[in-house]
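Here the sequence shown is numbered in our numbering, starting from 1160 and rising by one per residue.
Structure first, commentary second.
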Amino acid sequence: MRRVASLLSTAAIFVALPALAQEQPSADPLAAGSVQQSQSAPAADTDLDQSQTGAGDIVVTATRRAERLADVPIAVSAVSQASLQNSGANDIRGVVQLAPSLLISSTGSEANASARIRGIGTVGDNPGLESSVAVFIDGVYRSRTGSGLNDIGEVDRIEVLRGPQGTLSGRNASAGAINVYTKAPSQTFGGYVEGTYGNYDNVRIAGAITGPVVEDVLSFRLDGVWNKRDGFYRDVVNDTDYNNRNRWFVRGQLLFEPTTDLSVRLIGDYTWRDEKCCGAVYVDLREKQAVPGQPGEVTINPAGNRIVDVLQSLGGVFPSAGDPYNRRIAFSPGRAYSNETKDYGGSMQIDYNFGNASLTSITAYREYKAGNAADIDYGNVDLGYRADDGRAFRQFHTFTQEVRLQGSLFDDRLDWLVGGFYSNEDLVIGDNLQFGSQYGAFAACRIVATVSPVAALRNPAAPGCLSPAGTATLSGAFGPIAGPALINGLRTLSTLNNLGDRNARYYQDSENYAFFTHNIFKLTDTLSITAGLRWTHESKDFRANFDNTNTVCPQLQQGLGPLLANPATAALAGGIITLGCTGNSSTALNGLDLRNSFDESEFTGTGVISWKPTRDLMVYASYSRGYKAGGYNLDRSELAPNAFTPVTNAGAARLRFDPELVNSYEAGIKYATRQFTANLTVFRSDFENFQLNTFNGTNFVVQNIGSCSVSLNGADQDNSATTGACSGDVGPGVRSQGVELELGIYPARNFAVNLGYTLADTKFRRNLVGSASGEPLDPALFLLAGRQMSNAPRNVVTSSVSWTPEIGDSGLSALFYVDGRLSSDYNTGSDLFIEKEQDGFFVMNARIGLRGLDSNWAIEAFAQNLLNENYQQVAFNAPFQGAGSLAQVQRFGGVGNQIFSSFLAEPRTYGLTLRKRF
């Protein structure tokens, strides 16, 4: 249920709970647009002594210029290293606790992470879709959000840019961008080392060292992190834990500054992980039934769920039944895999000041490879798996080059910037998804149970899961011709074990280049206009090949195909074929030459007018247009419209989806004094061809969501895949609008309070269609029209308080810190099924410590999720395990026996940190 009133009242109570870097302004702010400032210009000193919180306004480079945060006419939040450290954040996920408009979640593996800003983001399970929120680390674009979930060592700051960033950040920033700036080398020798021990046997050791190599010319910095921790889930079958930590990270840097006008920064980093991720619990095992004669009324089957009965007959156990937060799971014996991830690369940034202009060049190459072995059904009945044989992975090779030239003209009235960008990315997906050793029996038993829930008809040990009574029942019901064919089909289906992809490969090669300009015109000393434009060209080539062993599918298509034309047998024959050919798994894939390619070009840009009547106050309004590249659904399930006919080479074109475009309007006011800062933003963004990725329990469905200009008369809310085509124009299918408020209160030098609030009304429009050409919406998405999007809480409140009092004249200081994030309820599934709803929740972090003179040492106790709040990240249809949700039964009648699982958020963690600086 809705909790808006409760949320707002609770927010008032927790006024002392994102240490956002809305720190009070410096007396000598940097002049915006100075050509001496490059993108790598550091923020204001981020000394970890929290007694300095609010002592100087942080400097950001959101516009590729070094500017005070209070002087930037866009919606941006900046989080300092001190704030991240206090909150306990080791990667970009921790920023969520401090930025109310940001949400980051991960699902089947951390490579599948998804970031959302203002409720807009990309579901991360399908690597063919690029992120709506671009991630940059030290100016280098990271092609997927998951690559930003590594430990990143000590940072200078993290900037969260809200709204489309199509001019400077380029494609795939249609919702916003996250810019991470790490600590640069220093000519002053120093460093730190810290050790942490906490519950779940968490051990984390981190450190850095920096200093001169050649005085005033060459300096170095080396950062490293090692982390090991037990998992939060317990696999009761394999006697192991899941969601553990076993990783290390190293980053080396050289900064070459031969003159005051030239600097060259070289960065190389390497991350290694070998972790079992991710566990999922069962959250809904109920079978829902329509009440006869009462449309819309649903009852729970008191006899239980027939799919649960089938699984139990095959040895299935449900250790989380009734209590998902006991975090007990059961995976198939021998399927408890860990996966190795390697993420490494290097970059070179060159900055040169010509005097009246400056040049920045950033060249980078990166490789990322993550294993994908898994028990894909998340249960101990062996229905499907990806073996740990090295053939299941996702791999990216990415080269990027950006060049910017900027300067000023007309006595600094014009601050101009021009640039170019090039990217070449090779994506390879390896897949070895096979049906498990018990899939055949399960699938046959599921069909028999669908015909009748009477257990006496089923025998999992018999061919086709048919007992003698079951065989007689089917024979009698379908006659002497169809009956034997259906029985033979069930018996064939039951042989579908340990078959499927042995070594499938999907390739997507993309090339992108762009030219852009971003210019600030100072009409008067207080009034400025910003104009930016970017032209982007994108090309992608797709190909795939398969080595599939599923011989059962062709047999079923041939043997039962004739029965599809008979209304009396079509449903049962279709069900058997569908379960035997799920995801288009078939030997018919072998030998196909699947290829497709496309080129697209797009203009994006921005226009801003800002007025600064006083030093403390800024008012601005802006328009921006963003673009997210089209691509391919890297899932064989979409190669054919259904499972009844074999796949052909023409199926490659079915995998393509169109680019996503957004037009955004924003207005804001920023006020900053030494004791108080306030930022207020109102926004509206309309998304055309919104790329929606949905897992329906068997495969991923990707559609471009749009809104038809003429009424569909409810055809976008029915259960038909053929009704609901648009005969008019197709417009934006998603609108995000709302208000953002950030407040900073600094009554004393060592005391700071920060508050944030986001109201994001992020909804699908009505009369929805699934493409720019107006194709019907997938029937699994019948709930979308007019509803709030998934993972888009309408209300979020963040708050923090930091107090660092000095202890007499000893030079010691204390630290008292607490922060909180309060979220209203939201749905975690793209299809908005009721079973996937998450109630509102509140997460609190806290830290208390003692620090030496100038913070040269510290001892700190901490707790994250201090109140041990139970909430989920993403709920989903358990693969293969039933069909039909509560909403489907309410709307269309029948029976809904789909089992639902969920990836849970982390429980309370706590520990002790010792830190020494030198």
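Glycine included, every Cβ here is placed at the ideal spot set by N, Cα and C.
The structure presented is a predicted model; accordingly, all values stated were derived computationally and were not measured.
On the three-state DSSP scale, how would you describe Pro1891? When secondary structure is reduced to three states using DSSP, Pro1891 falls in the strand class.
Under 8 angstroms, do Glu1313 and Lys1342 count as touching if we go by C-beta distance? Closer than 8 angstroms, so yes.
Rounded C-alpha distance that separates Ile2007 from Ala1439: Answer to the nearest angstrom: the Cα atoms are 33 angstroms apart.
Please go through the same chain and pick out, in chain order, the residues whose beta-carbon is closer than 7 angstroms to the beta-carbon of Asp1888, but skip the five residues on each side of it. Around Asp1888: Ser1868.
Measure the C-alpha to C-alpha separation of Asn1808 and Leu1682 and round it to an integer number of angstroms. So the alpha carbons of these two residues sit roughly 59 angstroms apart.
Give me, in chain order, the residues of the same chain whose beta-carbon lies closer than 8 angstroms to that of Leu1645; leave out the 5 immediate sequence neighbours on both sides. Cβ neighbours of Leu1645 beyond the five flanking positions: Leu1633, Phe1637, Leu1719, Leu1722, Thr1728, Leu1731, Ala1732, Ile1735.
Between the CA atoms of Ala1780 and Gly1549 - distance to the nearest angstrom: Within the model, the alpha-carbon separation for Gly1549 versus Ala1780 is close to 52 angstroms.
Can you tell me whether Ile1535 is buried or exposed, with buried defined as 16 or more other CB within 10 angstroms of its CB? With 16 or more other Cβ atoms within 10 Å, it is buried.
Taking 8 angstroms as the cut-off, does the region 1547-1567 touch the region 1615-1626 (at least 3 CB pairs, one atom from each stretch)? Counting Cβ pairs under 8 angstroms, fewer than three are found: no touch.
I need the straight-line Cα distance from Trp1770 to Tyr1916, nearest angstrom please. In a straight line, the C-alpha of Trp1770 is about 24 angstroms away from that of Tyr1916.
Assigned secondary structure, Leu1542 (DSSP; H/G/I helix, E/B strand, else coil): Three-state result, Leu1542: coil.
Any idea what DSSP makes of Asn1531, helix, strand or coil? Note: Asn1531 maps to coil in three-state DSSP.
Under the three-state reduction of DSSP, which class applies to Ile1735: helix, strand or coil? Ile1735 falls in the helix class under three-state DSSP.
Counting only runs that start and end within the region 1333-1376, where is the alpha helix (DSSP H) found for 4 or more residues in a row? With a minimum length of 4 residues, no continuous alpha helix (DSSP H) run stays inside the region 1333-1376.
With 16 other CB atoms within 10 Å as the buried threshold, where does Val1376 fall? Label assigned to Val1376: exposed.
Alpha carbon to alpha carbon, what distance is there between Glu1759 and Glu1670? Computed Cα separation, rounded: 11 angstroms.
What whole-angstrom Cβ distance do Pro1323 and Val1767 have, given they're in contact under 8 angstroms? Going by Cβ atoms, the distance from Pro1323 to Val1767 rounds to 13 angstroms, so no, they are not a contact pair.
Is it buried or exposed for Tyr1401, if we count other Cβ within 10 angstroms and need 16 for buried? By the neighbour-count definition (other C-beta atoms within 10 Å, threshold 16), Tyr1401 is a buried residue.
Residue from Phe1415, Lys1435, Ile1426, Leu1425 with nearest C-alpha to Thr1399: For the residues Phe1415, Lys1435, Ile1426, Leu1425, the minimum Cα distance to Thr1399 belongs to Lys1435.
Tell me whether Thr1500 sits in a helix, a strand or coil according to DSSP, three-state version. DSSP places Thr1500 in strand when its eight states are reduced to three.
Confirm, please, whether the CB-CB distance from Gln1597 to Val1540 is below 8 angstroms. For Val1540 and Gln1597, yes; Cβs fall inside 8 angstroms.
CB-CB under 6 angstroms to Ala1837, same chain, minus the five flanking residues each way: which ones, in chain order? Correct list, in chain order: Tyr1830, Leu1902.
Name the two residues that bound the continuous beta strand (DSSP E) containing Arg1465. Following the DSSP letters along the chain, one finds Arg1465 in no beta strand (DSSP E) but inside the alpha helix (DSSP H) bounded by residues 1465-1472.
Inter-residue spacing [alpha-carbon to alpha-carbon] between Asn1309 and Arg2050: For Asn1309 and Arg2050, the distance between alpha carbons rounds to 43 angstroms.
Whose CA, out of Ala1334, Ala1336, Ile1368, lies closest to the CA of Gln1346? Of the listed residues, the one whose Cα sits closest to Gln1346 is Ile1368.
At which residues does the beta strand (DSSP E) containing Thr1689 begin and terminate? First-last of the beta strand (DSSP E) with Thr1689: 1686-1704.
Taking all protein chains shown into account, decide if Glu2019 is buried (16 or more other Cβ within 10 angstroms of its Cβ) or exposed. Per the 10 Å Cβ criterion, buried.
Assess, as a yes-or-no matter, whether the region 1847-1858 is touched by the region 1283-1295 under the definition of 3 or more beta carbon pairs within less than 8 angstroms. These segments touch.
Hey, out of Gly1538, Asn1403, Cys1712, whose CA is closest to Ser2060's CA? The candidate whose alpha carbon is nearest that of Ser2060 is Gly1538.
According to DSSP, is Cys1113 part of a helix, a strand, or is it coil? Given a span of 1160 to 2077 for the chain in the structure shown, any question on residue 1113 remains unanswerable.
Which residue's Cα is closest to the Cα of Pro1726: His1677, Ala1641, Leu1692, Asn1678? If we check each option's Cα against that of Pro1726, Ala1641 comes out closest.
Grab me the residues of Ser1520's own chain with a C-beta within less than 6 angstroms of its C-beta, minus the 5 sequence neighbours each way, in chain order. In its chain, beyond the 5 residues on either side, Ile1509, Val1562 have a beta carbon closer than 6 angstroms to the beta carbon of Ser1520.
Looking at C-beta atoms only, is the number of pairs between the region 1549-1558 and the region 1598-1616 that lie closer than 8 angstroms three or more? Contact fails: fewer than three Cβ-Cβ distances are below 8 angstroms.
Could you check what DSSP says for Arg1605 in three-state terms: helix, strand or coil? Here Arg1605 sits in helix by DSSP.
Considering only DSSP beta bridges, list what Gln1593 is partnered with. When beta bridges are read from the DSSP output, Gln1593 appears opposite Tyr1544, Gly1659.
Do you know how far the Cα of Thr1804 is from the Cα of Gln1717? Taking C-alpha positions only, Gln1717 is separated from Thr1804 by approximately 9 angstroms.
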